[in-house]
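Contents: one structure, followed by commentary.
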Amino acid sequence: DRVHEYIDISGKILQSDISVYHTGKYNNSVRNLRILEKMKSEGMEFSDRNVFYFARELFHNGRIDEAVVYYNRFLKTKGNQISFYLESCIDLAKCYIMRNEEENSLKALLKSFEYDIPHAETCCQLGYYYKSKSDFKKAIFWFELALKLKKPEITCGIIEHDCWDYTPCEELCACYYKVGCVKEALYYNDLALKNKPCDKIALYNKKYLQELLNNSVN
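Each number in the numbering used here comes from the position in the sequence shown (counting from 1) with 903 added on.
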């Protein structure tokens, strides 16, 4: 392809723990969008991959309405990389939030379960959704589920590592504090500190919550 080149492989596939780091210095999102738009203007038929990448480039360049169209178009396809579908659901949900379409945002996140078992990234987004509506019981459920899931050791997709440990811990701290469960809030904050011992927010929360507990005992 003209952008986002890939090696088309077939036959027996062996997984490896080799990591490849792309250390490009420049953000080429505008360049990629222009190339894809030129392909479209030339009447080239987009592959499913190109539909996904076009939606993503539109999203990251703030063209939300167009991104919604192409994400929905991609989600109607079959047989593509699972991570593409999961990322599309999450980004589509964010697009709908920007358009104040909360119900559609929730539907987009739940649609991800049509493609694979729950991933922590999606669970955290569902937690954020319910937290924003002050429905802390449901928010707690999704953040706790994110913590219970086993992070894939090998994947072809993108993993937001914080979503599998630190983020749900800090969010559970906030949610439990909101419902008046200070001990539980402190417990999850301590778990967050195990992942990031020098985190300023978690260190502040620990001091504040510990003082609350001490004052309640006294």
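Every residue, glycine too, gets a C-beta built ideally from N, C-alpha and C.
For residue i, the nearest candidate out of the options (CA to CA)
i       : options                           : result
Gln1113 : Arg905, Cys1084, Tyr1031          : Cys1084
Lys1095 : Glu1056, Leu936, Asn1118, Asp1068 : For the sequence presented, residue 1095 should be read as Ala rather than Lys. Per the Cα distances, Asp1068.
Asn953  : Tyr1111, Phe1046, Lys1054, Glu940 : Glu940
Cys1066 : Lys1041, Asp951, Glu1006, Leu1050 : Leu1050
Pro1055 : Glu1047, Ser919, Ile910           : Ser919
Tyr1107 : Lys1081, Asn1118, Cys1076         : Cys1076
Lys1103 : Ser1119, Glu1073, Ser1015         : Glu1073
Leu1006 : Tyr924, Thr980, Lys1036           : For the sequence presented, residue 1006 should be read as Glu rather than Leu. Among Tyr924, Thr980, Lys1036, the Cα nearest to that of Glu1006 is on Lys1036.
Leu1048 : Phe1016, Tyr988, Pro1071, Ile1062 : Pro1071
Val933  : Arg966, Lys1040, Asn983           : Arg966
Asn983  : Val923, Tyr1090, Ala1105, Asp911  : Asp911
Lys1081 : Val923, Thr926, Phe1039           : Phe1039
Ala1105 : Tyr1091, Tyr909, Gly914           : Tyr1091
Beta-carbon proximity list for residue i, same chain, < 6 Å, skipping 5 on both sides
i       : result
Ser991  : Tyr974, Phe977, Leu978
Tyr1079 : Glu1087, Ala1088
Ile985  : Tyr1018, Asp1019
Lys1042 : It is worth fixing the name first, because residue 1042 is Ala in this sequence and not Lys. So the list reads Gly1030, Tyr1033, Lys1034, Cys1078, once near-sequence residues are dropped.
Lys1014 : Cys992
Phe885  : Absent from the model: residue 885. The displayed extent of the chain is 904 to 1121, so no value can be given.
Thr980  : Asp951
Asn1098 : Asp1068, Tyr1069
Leu1052 : Ala1023
His987  : Note on identity: in this sequence residue 987 is Phe, with His being the wrong assignment. If we look at Phe987 and ignore the five residues flanking it on each side, its Cβ neighbours are Phe955.
Cβ neighbours of residue i in the same chain (closer than 7 Å, five flanking residues each side left out)
i       : result
Leu1115 : Val1085
Ala1125 : Because residue 1125 is not part of the residues shown, which for the chain are 904 to 1121, the question remains open.
Val906  : Asn935, Ile938, Leu939, Tyr956
Leu1009 : Tyr1032
Phe962  : Ala970, Asp994, Cys998
Arg1002 : Ile967
Beta-carbon proximity list for residue i, same chain, < 8 Å, skipping 5 on both sides
i       : result
Asp1093 : Lys1109
Leu989  : Ser1015, Tyr1018, Asp1019, His1022, Glu1024, Thr1025, Gly1060
Met942  : Arg905, Phe949, Asn953
Any contact of the stretch 1027 to 1036 with the stretch 953 to 969, i.e. 3+ C-beta pairs under 8 Å? Verdict: no, contact absent.
If you pair each beta-carbon of the stretch 966 to 973 with each one of the stretch 991 to 1005, do three or more pairs fall below 8 Å? With a cut-off of 8 Å, the stretch 991 to 1005 and the stretch 966 to 973 count as touching, because enough Cβ pairs lie within range.
Continuous alpha helix (DSSP H) assignments of at least 4 residues falling wholly in the stretch 987 to 1014: List check, alpha helix (DSSP H) in window: 1005 to 1014.
Quick check on the DSSP output: what are the complete alpha helix (DSSP H) runs of length 4 or more inside the stretch 1052 to 1081, in order along the chain? Listed in chain order, they are 1069 to 1081.
Fully enclosed by the stretch 914 to 952, which alpha helix (DSSP H) runs are 4 residues long or longer? Runs of the alpha helix (DSSP H) lying entirely within the stretch 914 to 952 and spanning at least 4 residues, in chain order: 932 to 944.
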